[in-house]
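Start counting the first sequence at 951; every next residue gets the next number (our numbering).
All residues carry an ideal CB built from backbone N, CA and C; glycine is no exception.
This structure is a prediction, so every number in the text was calculated from the model and none was measured.
Each remark here refers to the structure printed beneath this line.
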Amino acid sequence: MKIGYPCLNRSIGCTPSRTFRLRSYSPARLEESVQQNLECLGRILEFNLANGLLFFRITSDLVPFASHPVCTFPWQEEFVERFAALGSVMRRKGMRISMHPDQFTLINSPDPDIFRRSAAELAYHAAVLDLLGLDLTARIQIHGGGVYGDKKASLERFCARFEQLDEKIRRRLAVENDDHQYSVADCLQISKRTGIPVLFDSFHHQLNGNGEALGTALRQAAATWGENDGLPMVDYSTQKKGERKGRHAESIDLKDFAGFIAAGEGLDFDIMLEIKDKERSALRARRFLIKTNRI
DNA sequence: AGGTGTCAAGCGTCC
DNA sequence: GGACGCTTGACACCT
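And the structure:
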């Protein structure tokens, strides 16, 4: 069981997601941003290693506008060695890596143009993981997508579109239950049809489940991860008190976390903590798991 | 220097 | 049919 946090570290004073406005694009600006983002990613990895945090989600902003037509700078060639060096550290130290494209990535949109752009965005994510030289335990998590007034047809379209994607993308995908449309049960159907594993999100399940107990849904999702996919990945978070439904908590609620761990008793998986204070809560979660002899 | 409105992209909900 | 929230950080322009 590895513990991680997504994208940013709040204590080391750099960001791996430097970007700029589209109209400010220039090859030099892109090169400079990527160089600094990779530099910061390296520092985050060092921090994580020093602190026993072996799961990390790489930000989609690592290469700004990577899938946009404006981006013609050959960043893959330019930074091939830097990526290889970072990936070598990840592999040597047994770090688990994920990526999570944002809500504009929808392979099941009826609009072929949106599908085309989504495929380009996924190709960028797959290219990053390939440049790092990571095996297929490094995954790209996406949601089921839109419903477009007919969930059955939209789920079918997800599966049909999946078949059209490049193998470099298909082999790295995982499908995650979302907070109001595609539940774990829906994702299990997608998994059955496509063979991609289901990434269980505990908070989304709480907001959009079909009444399955936490432990049941977690086990159903976990069972979809094959031998080459690595341990099941799981996203964990809780509701921010007194705020709109769906907002992530500011810091970890160890009592709730203990309940979550208890629900997964006997199962091994890697946990991504989607909590706003990032590494701080991840460190607290790790200490809790050490204290209770889980890791 | 600090504050704030805005940013590539899409969906669903609410009015 | 249009505004807004999602969820959120960083830019870029303003004072």
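Open item on the list: Here's a check: name, in chain order, each residue in its chain whose Cβ is nearer than 8 Å to the Cβ of residue 1046, leaving out the five neighbours to either side.
Closed with: Your numbering for residue 1046 matches position 96 in the first sequence. Around residue 1046: 952, 954, 1004, 1005, 1006, 1087, 1088, 1180, 1181, 1183 and 1220.
Task: Three-state secondary structure assigned by DSSP to residue 962 - done: Position 12 of the first sequence holds residue 962. Coil at residue 962, not helix or strand.
Open item on the list: By the DSSP assignment, the alpha helix (DSSP H) with residue 1124 in it spans what residues?
Closed with: On the first sequence, position 174 is the one that residue 1124 refers to. Run containing residue 1124: none in the alpha helix (DSSP H); it sits in the beta strand (DSSP E), 1123-1126.
- [ ] Report yes if the C-beta distance between residue 1091 and residue 1126 is below 8 Å; otherwise report no.
- [x] Taking the first sequence and counting its residues from 1, the one referred to as residue 1091 is at position 141. Taking the first sequence and counting its residues from 1, the one referred to as residue 1126 is at position 176. Yes; because the gap between Cβ atoms is below 8 Å, this pair is in contact.
Open item on the list: For a test of the three-state rule: what should DSSP assign to residue 1065, helix, strand or coil?
Closed with: Numbered from its first residue, the first sequence carries residue 1065 at position 115. Residue state, collapsed to three classes: helix.
TODO: Let me know if residue 1063 comes out buried or exposed under the rule of 16 or more other beta-carbons within 10 Å of its beta-carbon.
DONE: By 1-based counting over the first sequence, the position of residue 1063 is 113. Exposed.
- [ ] Assuming residue 1198 and residue 1190 form a contact by the criterion Cβ under 8 Å, report the distance between their Cβ atoms to the nearest whole angstrom.
- [x] Numbered from its first residue, the first sequence carries residue 1198 at position 248. Numbered from its first residue, the first sequence carries residue 1190 at position 240. At roughly 6 Å, the Cβ-Cβ gap stays under 8 Å, so residue 1198 and residue 1190 are in contact.
- [ ] Could you say which of 983, 1037, 992 and 1039 lies nearest to residue 1021 if we only look at CA atoms?
- [x] In the first sequence, counting from the first residue as 1, residue 1021 sits at position 71. Among 983, 1037, 992 and 1039, the Cα nearest to that of residue 1021 belongs to 983.
TODO: State the start and end residues of the unbroken alpha helix (DSSP H) segment that holds residue 1112.
DONE: Position 162 of the first sequence holds residue 1112. Looking at the DSSP string, the run of the alpha helix (DSSP H) that includes residue 1112 is 1101-1114.
TODO: Compute the distance between the beta-carbons of residue 927 and residue 1235, then report whether it is under 8 Å.
DONE: Here the chain comprises residues numbered 951 to 1245, so residue 927 is not present and cannot be evaluated.
Open item on the list: Which residue wins for smallest C-alpha separation from residue 1231, given the options 973, 1203, 1209 and 1149?
Closed with: To locate residue 1231, count along the first sequence from 1; it is residue 281. Closest option to residue 1231, Cα to Cα, is 1203.
Task: Limits of the unbroken alpha helix (DSSP H) element including residue 1154 - done: Here the question's residue 1154 lines up with position 204 in the first sequence. Residues 1152-1157.
Task: Terminal residues of the beta strand (DSSP E) in which residue 1049 lies - done: The residue labelled residue 1049 in the question sits at position 99 within the first sequence. 1046-1049 is the extent of the beta strand (DSSP E) around residue 1049.
Task: Proximal residues to residue 1227 (C-beta, below 7 Å), its chain only, five neighbours per side dropped - done: Position 277 of the first sequence, counted from the start, is the residue given in the question as residue 1227. So the list reads 960, 1200 and 1201, once near-sequence residues are dropped.
Task: Whole-angstrom distance between residue 1052 and residue 988, CA atom to CA atom - done: Position 38 of the first sequence, counted from the first residue, corresponds to residue 988. Position 102 of the first sequence, counted from the first residue, corresponds to residue 1052. Going by the C-alpha atoms only, they are around 20 Å apart.
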